[in-house]
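Report on the structure given below.
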Amino acid sequence: MGGTSGQATTHFASNPQAIGAGCKPQAFQSGDCCGRIILLGELFADFVNPSNGARCIIRQREFTVSASPEKEPSLIGKELDPEFFVNLFQEIAEAIVLSDNFGRIIKVNREFSLLFGYSEQEARGRLIDELVVPEEFREDATTITEAVAHGQKFALEAVRRRKDGSLVNVSLLGVPIINRNKQVAVFFIYRDISARVKAERSLIESRRQLEEANALLELTSNLDGLTAIPNRRSYEHFYEMEWRRAAREMKWISLIMIDVDFFKSYNDCYGHPAGDKCLRLIAQALQVINRPGDMVARYGGEEFVAVMSGTTLDGARQMAEQMRERVKELRIPHERSSTAPHVTISLGVASQVPDARSKLKDLLIKADQALYMAKSRGRDRVAVVEASV
């Protein structure tokens, strides 16, 4: 191989053979043709003549390419000046520490000084863990440093401390340096990932807020706006779920239908704002059941409904009596009630063990019938429909 100054020229010699119309072997400039050079045994040139579009294949024994003076010299196969590695160490866009096997700093590069605030003079001779590791992470960092001292590589993400005391999130790589089968030093390579960590935390916080908003939306969509207890939509979903579970497990399920006695008269006498307050107080008084399989919901208007899974008719009757007593204890005045001088409720109870022939509405119909019985017998009482198995 040889080179001359000036424009790059490829020379072919030594009995060339040419195949291709309008093409003959001659010296040509690199700008005169396009194609690819193939080296296979003897030298080949395969190119297209731009003047007539003919393809040429040339075989020869000698091949010389002149070098363009603007082309950078190749480093392949050359012995590199040690200054090259010094410059590489300083200019690389990663914070690098060279330490001995015990973590004592030998040298740091410019990027390390920019990241942590220490000059090379300030860092040299210091233990890397004491220099940049916060006290609360010191024990873990020492364990890692000792592992690298024994030839182990590691990569992790951690929090480190700058000279001014501020903290920075970094990715950290520890690499033992081996010379003649002996570990002589360690490279610690740091990369500032604070922006990424901040973005990730922001994303996590946004997701958390979105989840909270969705949960709140789901909650409010299932709550009655006036009384803040489950609404009819929530009750219907819950009742169907518990009904199917009771049918599958062959267990009791009970319903209590509840109606505020003479509530229309109450509204007429005291006004709707007072009526709303009355319903809110009653809704809270009815919360005497709190097992996972139980629910008290507003059914509509002045009606409420309670679902009790795994509860027999006798157990449901007792719960209904507690509800009735708690509402009476509120002592909400009701001068237009023909039952008592204060607000009262009537309750209808029904229980069932569903089977394959049962329908979801069956138990509701029975509870509604029981409520009608309680009202027709004078109100302020509990009535039951005999259980069916």
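First residue of the sequence shown? That's 417 in my numbering, and the numbers climb one at a time after it.
Glycine included, C-beta positions come from ideal geometry on N, C-alpha and C.
- Bounds of the alpha helix (DSSP H) holding G731 are L729 to E745.
- When rounded, the separation of the alpha-carbon atoms in L695 and T760 is 12 Å.
- Restricting attention to V524, K693, R793 and S515, the CA atom closest to the CA of Q599 is found in S515.
- The straight-line gap separating the alpha-carbon atoms of E751 and H758 is approximately 7 Å.
- Across the structure, N503 and K614 are spaced so that their CA atoms are roughly 32 Å apart.
- A residue is called buried once 16 or more other Cβ atoms fall within 10 Å of its Cβ, and L779 is buried on that count.
- Counted as a single uninterrupted DSSP element, the alpha helix (DSSP H) harbouring G691 occupies residues H688 to A701.
- The continuous stretches of beta strand (DSSP E) do not include I781, which lies in the alpha helix (DSSP H) extending over residues L776 to S792.
- For the options S681, N585 and Q768, the alpha carbon positioned closest to that of G726 is the one of Q768.
- Our two residues, I620 and R612, have alpha carbons roughly 12 Å apart in a direct line.
- A straight line joining the alpha-carbon of G731 with that of M724 spans about 9 Å.
- Every alpha helix (DSSP H) of 4 residues or more that sits fully in the segment 552-624 is shown, in chain order, as 554-565.
- In the same chain as I609, and ignoring 5 residues on each side of it, the C-beta atoms closer than 8 Å to its own belong to E573, N585, V586 and S587, in chain order.
- A distance of 8 Å or more separates the beta carbons of E718 and V765.
- The C-beta separation of L642 from D692 comes to about 6 Å, placing the pair in contact by the 8 Å criterion.
- Excluding five sequence positions before and after G541, the CB atoms of its chain that fall closer than 7 Å to its own CB belong to R520 and I521, given in chain order.
- Here M673 carries a strand assignment [DSSP, helix/strand/coil].
- 8 Å or more divides the Cβ of F603 from the Cβ of I594.
- Judged by DSSP in its simplified three-state form, D771 adopts coil rather than helix or strand.
- For the pair N638 and F553, the Cα-to-Cα distance works out to about 47 Å.
- Counting C-beta atoms within 10 angstroms of its own C-beta, A772 has fewer than 16 neighbours from the protein chains shown and is therefore classed as exposed.
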